[in-house]
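If you read the sequence shown in my numbering, its first letter stands for residue 13, the second for the next number, and so on. Backbone N, C-alpha and C define an ideal beta-carbon position, used for all residues, glycine too. It should be emphasised that the depicted structure is a prediction, and the values quoted were computed from it without experimental measurement. The structure appears below as structure tokens.
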Amino acid sequence: MISHVKKQSGMSLVELMVAMLISLFLSAGIFTMFSMSATNVTTTSQYNQLQENGRIALAIMERDIAQLGFFGDMTGSEFISGINTTLDDAIPAADDCIGAGLNNASLPNNQAAHFRRLWGYENGLSGTTPLACLSSATVAANTDVIQIKRFIEPSLGSGDGSDSPVNGGSRFAVSATSTQAIFFNGTDPSSVMPNSRVWEYQHHVYFIDTENGLPILSRKTLTANGMTNDEQLVEGIENIRFLYGFDNDADSTPDTFIPAADVTTLMWDNETFQRLVAVKIYLLVRSTEADNNYNNQVTYQLGDKQINAPNDNFRRKVLSTTVILENPVLIRN
């Protein structure tokens with residue numbers, strides 16, 4: 013009886029090496045696709061974050077700036093302490109935000125100067141004196157600061173004491189007619205004026221702060237305790253630039269936009285033939301987290317100011333808007 017032994021055949025060494033090489037190429041391709049997909053997800057996510065943070069920051073400031081100078085029935089009038097304006101409650105200088113000009117605290121004073129509704133400056137710029145409540149070290153270098161004063165709509169009711177106090181007396185309010193105003197932070201003004209209305213009074217200061225290396229759009233808000241209340245509003249706002257639009261030919265349209273450094277004292281107070289009618293806002297928004305696969309070599313333009321390439325791993329985006337002032341201050345003398 014003859015037995016037949018079957019030979020078992022397998023992959024040769026060459027075939028095995030070819031199969032391994034093909035598997036290696038396939039694995040490399042899959043890894044590359046996965047890496048590209050992860051990179052695209054990170055890029056898309058960060059750009060969406062930049063857009064959303066910038067949009068929120070602009071929306072917050074836009075309403076404030078648009079309503080700048082709204083003072084109820086006294087809109088367009090001057091506040092003269094001791095004449096048509098009474099201060100029931102004062103703010104110690106140490107707790108206030110006092111800016112440039114003779115009459116630029118939170119509340120009107122009795123100096124012979126216009127009460128400023130708006131003022132701004134670039135932090136760190138040579139020859140610039142910062143707001144008393146903000147040291148140069150507090151605010152990010154070479155970023156703009158702006159202060160805004162106005163009443164908040166709607167009115168809280170009549171000034172006869174029959175309506176609820178402003179936030180339980182935690183904020184300043186004004187009882188005003190078309191010719192008189194009483195600033196107070198208690199439950200009621202010191203006197204009742206016929207046909208008066210009560211409004212919450214607001215003084216805001218916007219600036220860029222930094223916490224643990226993260227830039228943040230921040231704000232100081234007037235309360236009964238003064239300008240001691242700090243709010244962190246939006247993360248990733250790295251730089252901000254305001255350009256002020258002036259009307260030179262009385263058509264209520266801005267003819268030129270200039271930085272704060274070029275706005276004179278007379279222009280801040282609307283005492284020249286030029287009227288402040290608009291403000292342009294430019295934001296440089298930065299991602300909150302670095303991406304080591306990205307190297308930022310981009311130069312950014314914020315209105316008249318150029319930001320050099322940062323040479324880091326953070327993505328950035330510039331957003332801007334133009335705000336038309338609803339209550340431009342009339343020319344005064």
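Residue i versus residue j: straight-line alpha-carbon distance, rounded
| i | j | result |
| --- | --- | --- |
| T334 | P266 | 11 Å |
| Q123 | N241 | 27 Å |
| G238 | D316 | 34 Å |
| A69 | S332 | 10 Å |
| T150 | Q244 | 13 Å |
| L119 | I228 | 27 Å |
| R67 | D156 | 18 Å |
| T189 | V210 | 9 Å |
| E283 | V217 | 23 Å |
| I110 | L143 | 6 Å |
| T300 | R327 | 9 Å |
| T277 | D303 | 45 Å |
| M29 | Y312 | 53 Å |
Short Cβ contact (8 Å threshold) for residue i with residue j
| i | j | result |
| --- | --- | --- |
| L295 | G81 | no |
| N339 | N325 | no |
| G136 | A272 | no |
| I160 | L114 | no |
| Q214 | R162 | yes |
| I194 | D100 | yes |
Three-state secondary structure assigned by DSSP to residue i
| i | result |
| --- | --- |
| F83 | coil |
| S147 | coil |
| V330 | strand |
| N224 | coil |
| S39 | helix |
| N339 | coil |
| L33 | helix |
| R183 | coil |
| T233 | strand |
Beta strand (DSSP E) segment containing residue i, residue limits
| i | result |
| --- | --- |
| L295 | 287-298 |
| E134 | 130-134 |
| E306 | Reading the sequence as shown, one finds Tyr at residue 306 and not Glu. Where Y306 is concerned, there is no enclosing beta strand (DSSP E), given that its DSSP letter is neither H nor E. |
Opposing strand residues paired with residue i [DSSP bridges]
| i | result |
| --- | --- |
| A193 | T97, A188 |
| S170 | R209 |
| Y59 | Beta-bridge pairing links Y59 to no other residue. |
| L255 | P271, K292 |
| E247 | I228 |
Residue interval of the alpha helix (DSSP H) (run including residue i)
| i | result |
| --- | --- |
| T12 | Here the chain has residues from 13 to 345 only, and residue 12 is not among them. |
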